[in-house]
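Each remark here refers to the structure printed beneath this line.
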Amino acid sequence: MARRLIRRMSTAVTALALAGTALALGPAAGASPNPITHPDQDHMGWSLAARSGATPGTVTPAVSGLPGLDVSSHQGNVNWTTVKNNGAKFAYVKATEGTSYTNPYFSQQYVGSYNVGLIRGAYHFATPNTSGGAAQADYFAAHGGAWSADHHTLPGALDIEYNPYGATCYGLSQASMRSWIHAFVNEYHAKTGRWAVIYTTLDWWSSCTGNSDSTFAQNDPLWIARYSSSAGTLPAGWGFYTFWQYADSGTFPGDQDVFNGTADRLLALADNT
8 MARRLIRRMS TAVTALALAG TALALGPAAG ASPNPITHPD QDHMGWSLAA
58 RSGATPGTVT PAVSGLPGLD VSSHQGNVNW TTVKNNGAKF AYVKATEGTS
108 YTNPYFSQQY VGSYNVGLIR GAYHFATPNT SGGAAQADYF AAHGGAWSAD
158 HHTLPGALDI EYNPYGATCY GLSQASMRSW IHAFVNEYHA KTGRWAVIYT
208 TLDWWSSCTG NSDSTFAQND PLWIARYSSS AGTLPAGWGF YTFWQYADSG
258 TFPGDQDVFN GTADRLLALA DNT
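Residue numbering for the sequence shown is 8 to 280, as defined by the numbering used here.
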């Protein structure tokens, strides 16, 4: 009897230890994983026009800056020569989603933009309820998101926005979401030496992180998404945006973006100077 009781207690302790390890390594507490079933449709601002009430199409930003674009597998093969001739100065390309998806057009888009002389970067579409932030940062860095000191590579970007598979905030509390994002950007920095750009909307950031942690602004450049004639109010801590996604179509394939600065500042961001 005593031996059976000891065995049961030992089994229970082991189970608790394994559960604790799984929670530490997996998605944040409270998250309910959804299968990633249509990653080819998940891209920066995938639902922004509908949520913001904006009419899909071209919006002319009321600021000066350098024009650019972001693309994913949704765009397929891109004619980068035409993009360059139409005035683009930079491009971001979706590389990964979660820890299981890589963009099948990534090489054509990422290398192609480089070959015509654009400054380019890669981005990761976050799914915080499927795995931990550090695990997704590792996957991103290993599958196209790493940084190169070649004068043409921007720091990787974390696309953290509305959940295309369910609950807006992926089933995470605001505190858990902040922890997840910190885990991602810290691990990305450890892997690459660069701080990730954070792409988001004010609405999502306020709802899902509480808009109360200004420490992200100390290191991570902001990429704000807002389909309007101005970038609007920025999340807490950021005094300015680095990139602004202002429309889902226009001169270039994919989404239309602007860099908040001059060509020498864009190069400085690429060079980490």
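Where a beta carbon is used, it is the ideal one built from N, C-alpha and C, also for glycine.
Excluding the 5 residues flanking residue i on each side, which residues of the same chain have their C-beta closer than 8 Å to its C-beta?
| i | result |
| --- | --- |
| residue 172 | 41, 42, 43, 44, 134 |
| residue 196 | 202, 203, 226 |
| residue 278 | 156, 158 |
To the nearest angstrom, how far is the alpha carbon of residue i from that of residue j?
| i | j | result |
| --- | --- | --- |
| residue 176 | residue 183 | 10 Å |
| residue 166 | residue 271 | 25 Å |
| residue 247 | residue 230 | 10 Å |
| residue 74 | residue 241 | 20 Å |
| residue 257 | residue 207 | 20 Å |
| residue 80 | residue 89 | 18 Å |
| residue 105 | residue 187 | 13 Å |
| residue 200 | residue 265 | 25 Å |
| residue 263 | residue 139 | 30 Å |
| residue 174 | residue 255 | 23 Å |
| residue 268 | residue 250 | 9 Å |
| residue 52 | residue 218 | 19 Å |
| residue 213 | residue 72 | 27 Å |
| residue 97 | residue 78 | 11 Å |
| residue 126 | residue 149 | 20 Å |
| residue 103 | residue 228 | 20 Å |
| residue 209 | residue 236 | 15 Å |
| residue 115 | residue 205 | 24 Å |
Find out if the Cβ-Cβ distance for the pair residue i, residue j is shorter than 7 Å.
| i | j | result |
| --- | --- | --- |
| residue 190 | residue 141 | yes |
| residue 92 | residue 101 | no |
| residue 261 | residue 76 | yes |
| residue 5 | residue 99 | Shown here, the chain extends from 8 to 280; a query on residue 5 therefore has no answer. |
| residue 224 | residue 244 | yes |
| residue 112 | residue 83 | yes |
| residue 7 | residue 49 | No information on residue 7 is available, as it lies outside the stretch 8 to 280 that the chain covers here. |
| residue 211 | residue 253 | no |
In three-state terms, what does DSSP make of residue i?
| i | result |
| --- | --- |
| residue 202 | coil |
| residue 118 | helix |
| residue 148 | helix |
| residue 272 | helix |
| residue 168 | coil |
| residue 177 | coil |
| residue 196 | helix |
| residue 125 | coil |
| residue 160 | strand |
| residue 262 | strand |
| residue 100 | strand |
Can you say whether residue i is buried or exposed, counting buried as having 16 or more other CB atoms within 10 angstroms of its CB?
| i | result |
| --- | --- |
| residue 280 | exposed |
| residue 273 | buried |
| residue 151 | buried |
| residue 239 | exposed |
| residue 85 | buried |
| residue 7 | In the structure as shown, the chain begins at 8 and stops at 280. Residue 7 is therefore absent and cannot be evaluated. |
| residue 160 | buried |
| residue 222 | exposed |
Which same chain residues end up closer than 7 Å to residue i when comparing Cβ atoms and leaving out the 5 residues on each side of it in sequence?
| i | result |
| --- | --- |
| residue 107 | 43 |
| residue 220 | 185 |
What residues in its chain sit with their C-beta under 6 Å from that of residue i, if we drop five residues either side in the sequence?
| i | result |
| --- | --- |
| residue 216 | 181, 184, 185 |
| residue 194 | 141, 144 |
| residue 153 | 199 |
| residue 233 | 239 |
Just checking residue i against the ligand SAM - is the residue's beta carbon closer than 6 Å to any of the ligand's heavy atoms?
| i | result |
| --- | --- |
| residue 109 | As for the ligand SAM, it is missing from this structure, which has no ligand bound. |
Is residue i close to chain C? Criterion is C-beta to C-beta, closer than 7 Å.
| i | result |
| --- | --- |
| residue 108 | Checking the listed chains, one finds no chain C in this structure; it contains a single protein chain. |
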